[in-house]
Structure formats: structure tokens, C-alpha cells
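Input: a single structure, listed below in C-alpha cells.
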Amino acid sequence: MGVQISGQAEQPRVLLVSAPYALKAGDAETIGGLPPSAFVLAAPTAISSAAASSTAETVSPLTATDVTTTGGKADYLPIFNAASTIIDSVLYQTGTGSTAKVGLNTTTPATTLDVNGAGTVRGTLSLPATAAATATAGKDSQALNLVASAFNGPTTSAFAQTFQLRAEPVGNDTATPSGALSLLYGSGTAVPAETGLHIASNGRITFATGQTFPGTGDGTVTSVATGLGLKGGPITKTGTLTIDTTVVPQLAVANKFTANQTVSGSVTATSSASSSIVGNTSDSAGTGVIGNATASSGGTTGVLGEASATSAVGVKGYASAATGNTVGVWGVALSPGGWGVYGKGATGVVALATWVTGPGGSFTGFSAASSSGQSGTDGVDSTGGRGDVNLGSSTGGVGVMGTGGFGVGVMGTGGFGGNDGGAGGSFSGGVGNMAAYGDGIDATNIGGGTFSETQAYAGNFTGDINVTGKIYAGTKDFKIDHPLDPANKYLFHASVESSEMMNIYTGNITTDSEGHATVQLPEWFQVLNTDFRYQLTVIGQFAQAIVAREIENNRFEVRTNAPNVKVSWQVTGVRQDAYAKANPLVVEQEKGARLRGFYIHPELYGAPPEKQIEWARHPQMMKRIKEMQAKQQATVRAAAQPAAAQPK
Numbered sequence: 001m002g003v004q005i006s007g008q009a010e011q012p013r014v015l016l017v018s019a020p021y022a023l024k025a026g027d028a029e030t031i032g033g034l035p036p037s038a039f040v041l042a043a044p045t046a047i048s049s050a051a052a053s054s055t056a057e058t059v060s061p062l063t064a065t066d067v068t069t070t071g072g073k074a075d076y077l078p079i080f081n082a083a084s085t086i087i088d089s090v091l092y093q094t095g096t097g098s099t100a101k102v103g104l105n106t107t108t109p110a111t112t113l114d115v116n117g118a119g120t121v122r123g124t125l126s127l128p129a130t131a132a133a134t135a136t137a138g139k140d141s142q143a144l145n146l147v148a149s150a151f152n153g154p155t156t157s158a159f160a161q162t163f164q165l166r167a168e169p170v171g172n173d174t175a176t177p178s179g180a181l182s183l184l185y186g187s188g189t190a191v192p193a194e195t196g197l198h199i200a201s202n203g204r205i206t207f208a209t210g211q212t213f214p215g216t217g218d219g220t221v222t223s224v225a226t227g228l229g230l231k232g233g234p235i236t237k238t239g240t241l242t243i244d245t246t247v248v249p250q251l252a253v254a255n256k257f258t259a260n261q262t263v264s265g266s267v268t269a270t271s272s273a274s275s276s277i278v279g280n281t282s283d284s285a286g287t288g289v290i291g292n293a294t295a296s297s298g299g300t301t302g303v304l305g306e307a308s309a310t311s312a313v314g315v316k317g318y319a320s321a322a323t324g325n326t327v328g329v330w331g332v333a334l335s336p337g338g339w340g341v342y343g344k345g346a347t348g349v350v351a352l353a354t355w356v357t358g359p360g361g362s363f364t365g366f367s368a369a370s371s372s373g374q375s376g377t378d379g380v381d382s383t384g385g386r387g388d389v390n391l392g393s394s395t396g397g398v399g400v401m402g403t404g405g406f407g408v409g410v411m412g413t414g415g416f417g418g419n420d421g422g423a424g425g426s427f428s429g430g431v432g433n434m435a436a437y438g439d440g441i442d443a444t445n446i447g448g449g450t451f452s453e454t455q456a457y458a459g460n461f462t463g464d465i466n467v468t469g470k471i472y473a474g475t476k477d478f479k480i481d482h483p484l485d486p487a488n489k490y491l492f493h494a495s496v497e498s499s500e501m502m503n504i505y506t507g508n509i510t511t512d513s514e515g516h517a518t519v520q521l522p523e524w525f526q527v528l529n530t531d532f533r534y535q536l537t538v539i540g541q542f543a544q545a546i547v548a549r550e551i552e553n554n555r556f557e558v559r560t561n562a563p564n565v566k567v568s569w570q571v572t573g574v575r576q577d578a579y580a581k582a583n584p585l586v587v588e589q590e591k592g593a594r595l596r597g598f599y600i601h602p603e604l605y606g607a608p609p610e611k612q613i614e615w616a617r618h619p620q621m622m623k624r625i626k627e628m629q630a631k632q633q634a635t636v637r638a639a640a641q642p643a644a645a646q647p648k
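Next up, the structure:
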């Protein structure tokens with residue numbers, strides 16, 4: 001209600017409110033809108049007796065300063081802008097309690113404190129640990145995030161690029177715990193992951209994989225240490241480094257090498273003595289001299305020796321050990337036109353084995369005839385066996401084929417194959433002898449078949465086998481002594497097959513207190529593999545697990561909806577290395593015209609043995625093998641007949 005006295009201005013309006021007994025002014029119990037307690041009263045003035053008798057003067061009451069506003073807004077924190085007025089500040093609050101968020105120069109705070117503008121801290125800015133460490137696990141500090149925004153053209157959207165600095169515990173639950181400052185990175189919504197850059201507590205920096213340092217200029221050397229081959233160090237001021245003659249060979253003097261040596265260039269030895277180069281070995285399985293020709297093409301030579309005297313020897317090797325599988329001269333050539341050992345003369349290569357109780361054999365001769373029926377080498381073992389070795393250049397030629405009586409049928413390598421895919425060597429097990437050191441007992445088998453103690457192997461190798469090309473097999477199994485009964489049983493496992501050149505990798509990992517884990521893979525992983533597939537299995541509890549971030553920089557991230565979850569992971573990748581790209585796997589292939597109608601295993605399809613695919617490739621060889629098997633079977637049967645009773 002407003003009151004105006006005649007001739008005067010209207011008095012300030014007063015709000016009237018209803019009460020059960022009357023109408024009263026809303027500020028009836030206030031002074032200028034403020035409660036009486038807001039004012040300090042002056043001390044009462046002393047009144048003399050004289051004044052008491054005089055007429056009382058009218059005294060004006062104390063006036064209060066009005067506090068007014070220019071109009072406040074909800075959620076803003078107020079601020080005095082003058083002695084008696086309040087306005088809105090730049091502080092804006094949403095929510096209450098633990099969900100409250102305060103914005104400085106922003107009405108849309110995203111976190112507990114959201115500052116829109118620059119800031120200056122004239123003191124220590126602390127980012128404490130997320131919790132106190134325990135013996136089980138240390139705790140990281142709160143993180144400092146630096147966020148950039150990059151536009152993604154294909155998706156037409158902006159992606160946050162987050163770099164994170166974080167202090168991390170090192171050596172938790174040890175006598176010397178420490179810490180390190182780490183740099184993490186994440187793109188988009190991905191949780192920042194370790195980059196590999198760390199600063200240790202002593203200031204030493206560990207750089208991320210692949211870091212290079214292109215810096216220029218001279219440095220300062222404060223100490224020189226001596227490594228292998230030098231002595232005289234360490235030198236911190238002045239001194240002289242000298243060669244350690246006990247480990248470094250010297251020119252113009254004799255040197256003795258007690259370990260293996262590798263020379264990448266040529267070695268020329270000239271001597272007026274009886275020998276220029278001598279190779280000796282006393283090992284029971286050692287080799288005196290080895291010559292390797294590893295070029296991928298051309299007419300290379302593993303070992304070449306020439307002598308011009310009338311009774312000279314081009315290459316001679318002698319192994320003196322009385323036991324073991326020693327080799328006098330050994331030559332290996334891996335190129336298509338290379339020769340492991342090359343001898344030039346009336347007799348190309350001559351070898352003589354005098355060991356009468358083992359797999360000895362001698363052979364001599366070389367045939368360059370183009371007919372597949374020519375014998376490259378005749379081989380005779382000293383226990384009475386004799387075999388033929390055929391080397392032919394026709395499409396039906398056989399690299400090596402041999403039989404033995406009671407010795408070794410063939411010990412050698414055949415490399416010739418016709419245009420239709422020749423066989424390096426075909427071996428037939430005989431009675432009590434060995435086909436290429438195969439356990440030849442059953443004369444009806446060309447190599448193996450089913451695994452039986454009464455059947456021979458096509459080839460039996462003791463030691464490592466190196467194959468630079470492809471291996472074709474019906475199955476790829478491993479066979480070991482049974483772990484529970486190694487003396488009496490075998491254990492077999494088959495390989496995992498696929499229509500792709502696939503690699504499989506597995507492991508276990510446990511997520512952290514926030515449900516995050518990073519699986520670090522080898523640095524060659526993405527160079528070797530592509531087209532990744534993932535599988536996660538939670539162990540020990542019910543939880544959800546996802547691949548939060550696929551493989552990038554040879555690592556991927558796992559996230560669970562609960563903390564500290566053990567997860568078993570499996571990743572498969574398809575090979576993309578140079579060899580795999582040059583030799584892609586063709587899953588289905590047509591047989592050549594010559595091979596159609598023949599089988600790898602004819603017996604499985606009700607076809608006769610003559611329909612085996614080698615009969616299409618080498619019919620003459622297979623016919624001869626069949627004849628030899630028939631003879632061997634007859635010998636076995638004759639040996640099994642009981643001796644006839646002698647007349648008395």
C-alpha cells in the first residue's frame with residue numbers, strides 16, 4: 001500500500017499481508033527492510049534536572065542504509081558492487097551437494113569447477129594421488145589433461161586429442177619405492193594410454209619406441225671406458241688405449257682362433273708351405289670344412305678346389321674322429337643352379353667308406369646324359385648292398401633312387417624335377433635296411449602311411465629340418481613320448497588348420513581399479529599381421545569385457561564393467577609379410593591335365609595303388625619301385641619259412 005500526504009511525494013509503498021486478526025505491513029517489524037538487530041543503537045543521552053523540566057524536544061530516529069538489488073538471477077552467486085547494492089557475480093552453480101558444479105564465466109559447467117578464461121596460481125597446484133597405496137597396488141596421481149580438437153574428414157566430426165600427464169608409482173611394496181611422470185594419449189572417446197615416454201625420479205627419461213634424435217653439434221666426453229678388444233681404460237683425463245692382443249688378431253703375425261669366425265667378403269690364402277687353408281675338427285659330429293653357396297640364382301659353388309699336378313687332389317677332406325657322424329668334406333648349395341661339391345676330372349667325385357658295421361657306402365662317377373635311364377652314380381655299401389643313383393634331365397628323371405641289401409639304400413640329395421613337379425628323392429624301405437635312414441622294416445610301404453612299428457618311413461630325420469619353401473601334408477601332427485607313460489606310449493596332436501595364413505596369439509591380463517587394461521604386443525606384430533579378430537573371456541567372476549580400442553601401435557585396450565577383472569584374450573591375424581604376399585594360399589586348385597584321374601591316397605577312394613599320383617608323374621620309377629618291393633616281399637616270406645629238415 002502507498003501513502004501520499006497532500007502536497008508531498010508518495011511515501012515508499014508497504015506490502016500488506018493478512019493475519020488471522022488483521023492486516024499488517026510486511027515490514028512492520030523491520031527498520032528500512034532490515035531487522036532491528038542489524039543496527040547498533042547509540043548510548044542514551046544524559047538528561048539534566050533542568051532539562052527534565054523543560055519541554056521535551058523531538059529527536060529523529062536513527063536511519064538505516066538500505067541494501068537493494070538490481071535484480072538477481074537464479075543459480076548465480078551474489079556480490080556487493082557498492083556499499084548497499086548486490087548484483088550477480090561471474091560464479092554460476094548447478095546442482096547441490098556432491099553433484100554441485102561451479103562455473104566461472106560459464107553457465108554450463110562440465111566438472112566440479114569449470115573455468116572459462118585464463119588463471120594464475122600464486123602457490124602450489126597439487127594433484128594428489130587417487131588413494132593411498134597398499135601392498136597390493138600403488139596409486140596414480142590425479143591426471144592433468146591437455147585436450148586439442150582435430151576434425152575428421154570422412155566422419156565430418158571433431159575428435160578430441162587428449163594428452164595426459166600423470167605421476168605413477170614405481171617399485172610398490174619394495175624397500176625403495178619411487179615414482180615416474182608419464183605421458184599418455186587418447187583420441188576421441190578412447191581412454192588415454194601409455195605412450196612409452198617416462199621421466200624417472202632421478203630425472204632420467206625413457207623415450208617411446210621409435211624415438212630418434214637428429215640433434216647436431218659437439219658434446220663433452222668426461223670418461224672413456226674400454227670394451228672388448230681394448231685395454232687402458234677408463235680414461236677420465238688423459239691416457240692411452242691399446243689393443244688387447246689376447247682377443248684381437250694382428251697382421252704379420254700368426255693368430256689362433258678358438259671360436260667360430262664369419263667373413264662376409266673373399267678370403268685368399270697364399271702359402272709356400274704344404275697347406276694354405278686347413279680345417280680340423282675333433283668333435284664326434286663335427287665337420288672339417290664347410291662350403292656354403294647361398295645365392296638365390298646363378299651357377300654358384302659351395303666348395304671348389306683345383307690342382308694342376310699329375311697326382312694332385314682338387315679337394316680333400318679328412319675327419320679323424322673314430323666315432324660319431326663325421327664328414328670329411330661337406331658342401332651345401334641352396335640356389336637352383338648351385339653345386340654342394342663340384343669335382344672336375346675323369347672321375348667327378350670319388351668317395352670311399354671303410355666302416356663295415358655302420359651305414360657306410362662308396363660311390364664314384366657323374367653322368368651328364370640327358371636320358372632318364374642313365375646312372376649318375378653307382379653306390380656300393382661295404383656290407384654287400386648295391387644301389388643305383390640316377391640323375392636325368394628329362395621330365396621323367398629321378399633325382400636319387402637307390403636300394404640296399406643290409407646297409408643304407410640311399411644317403412644323398414636329389415634336386416632334379418621335371419616340369420610337372422619332380423620328386424627330390426623317392427625312398428623304399430627294405431628288409432632290415434634303411435631308406436634314407438628310415439626305419440625300413442615293411443617292404444610293402446613307400447615311406448610311411450599309418451604310424452606302425454611294422455611300417456617304414458619315407459624319410460626319418462634326427463635333428464632340425466630347414467625348409468625354405470612350402471610343406472604339403474595330409475596332416476601336420478606332433479608325436480612325443482606320452483608324458484604319463486613315456487616308456488610305453490606316444491602322444492599325438494594335430495595342428496590347427498585354416499583357409500588363411502593365420503597366426504594365433506593368446507594371453508591373460510587383469511584390469512585396474514577403473515576396469516582398464518592395455519595389452520602390449522611385440523614391435524613386429526603389425527608388420528607381420530593384418531585383419532585382426534578378437535576374443536575375450538572373463539575369468540573368476542561375472543563381468544562384461546570389451547575391446548575398448550583395437551590394435552594400434554602394437555597394443556590394444558580391454559575394458560570391463562567392474563574393476564580388477566582377469567580376462568583371457570585371443571587375437572588372430574592374417575600374415576602380410578613379404579613371403580606371404582608373394583606366395584598367397586590358393587585354397588582350391590585344379591590338378592594338372594597329366595595328374596587328373598590320380599589321387600594322393602587312392603586307397604581311400606577305392607582306387608588301385610597304380611592310381612597314386614606319383615604313377616602319373618614318374619611311371620617308370622614307380623614300376624621299378626613296385627618290382628623291388630615284390631622282390632623284397634618274397635625275401636621276407638622266404639626268410640619266414642621254417643628251414644627244411646636235413647636228411648639223416
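Per the UniProt record's numbering, residue 1 is the first one in the sequence shown, and the count goes up by one each step. Ideal placement from N, C-alpha and C gives every residue a C-beta, glycine not left out.
Nearest-angstrom Cβ-Cβ length linking residue i and residue j, presumed shorter than 8 Å
i, j, result
"LYS611", "PHE598", "5 Å"
"VAL558", "VAL519", "6 Å"
"THR506", "TRP569", "7 Å"
"LEU146", "PHE163", "5 Å"
"VAL247", "GLY233", "The Cβ separation is near 15 Å, so there is no contact."
"PRO109", "THR94", "6 Å"
"LYS73", "ASP88", "5 Å"
Where residue i falls, given that 16 or more other Cβ within 10 Å makes a residue buried
i, result
"THR55", "Because the pLDDT at THR55 is just 47, under 50, the model does not fix this residue reliably, and the point stays unresolved."
"ALA517", "buried"
"ALA131", "exposed"
"ASN529", "buried"
"GLN632", "buried"
"SER182", "buried"
"ILE480", "exposed"
"ALA293", "buried"
"TRP524", "exposed"
"TYR605", "exposed"
"LEU184", "buried"
"ILE205", "exposed"
"THR134", "exposed"
"GLN629", "buried"
Endpoints, alpha helix (DSSP H) assigned at residue i
i, result
"TYR472", "Looking at the DSSP string, TYR472 is not in any alpha helix (DSSP H), and its letter there is neither H nor E."
"MET628", "619-640"
"residue 651", "No statement about residue 651 is possible, as the shown extent of the chain runs from 1 to 648 and does not include it."
"TYR579", "578-582"
Option nearest residue i by Cα separation, candidates the options
i, options, result
"LYS566", "ASN553, THR511, GLU523, VAL248", "THR511"
"VAL586", "THR176, ARG624, SER498, PRO609", "SER498"
"LEU127", "THR206, SER187, ALA167", "ALA167"
"TYR318", "THR310, THR236, TRP330, ASN81", "TRP330"
"THR209", "HIS198, GLU500, PHE461, THR216", "HIS198"
"residue 658", "SER149, ILE480, ALA129, VAL147", "No answer is possible for residue 658: the residues shown for the chain start at 1 and end at 648."
"THR136", "THR174, ARG596, THR258", "THR174"
"GLN544", "ASN561, TYR534, ILE551", "ASN561"
"SER201", "THR240, GLY171, VAL191", "GLY171"
"TYR534", "ASN466, GLN526, ASP283, VAL547", "VAL547"
"GLY117", "GLY302, THR111, THR124, GLY103", "GLY103"
"ILE551", "PRO522, ILE539, ALA638, PHE542", "PRO522"
"THR262", "ILE290, ALA190, GLY203", "ILE290"
Residue(s) in a DSSP beta bridge with residue i
i, result
"PRO169", "GLY179"
"GLY186", "THR162"
"PHE151", "ALA158"
"ARG555", "GLN520"
"ALA83", "DSSP output for ALA83 lists no bridge partner at all."
"TYR92", "TYR76, GLY103"
Residue interval of the beta strand (DSSP E) (run including residue i)
i, result
"LYS479", "477-481"
"ALA200", "193-200"
"LEU77", "76-80"
"ASN508", "502-510"
"GLN4", "Run containing GLN4: none; DSSP gives neither H nor E here."
"ASP114", "113-115"
"SER568", "566-575"
"ARG122", "It is not in any beta strand (DSSP E) - ARG122 carries neither H nor E in the DSSP assignment."
Short CB-CB distance (under 8 Å) between residue i and chain D
i, result
"VAL90", "Of the chains in the structure shown, none is chain D; there is only one protein chain."
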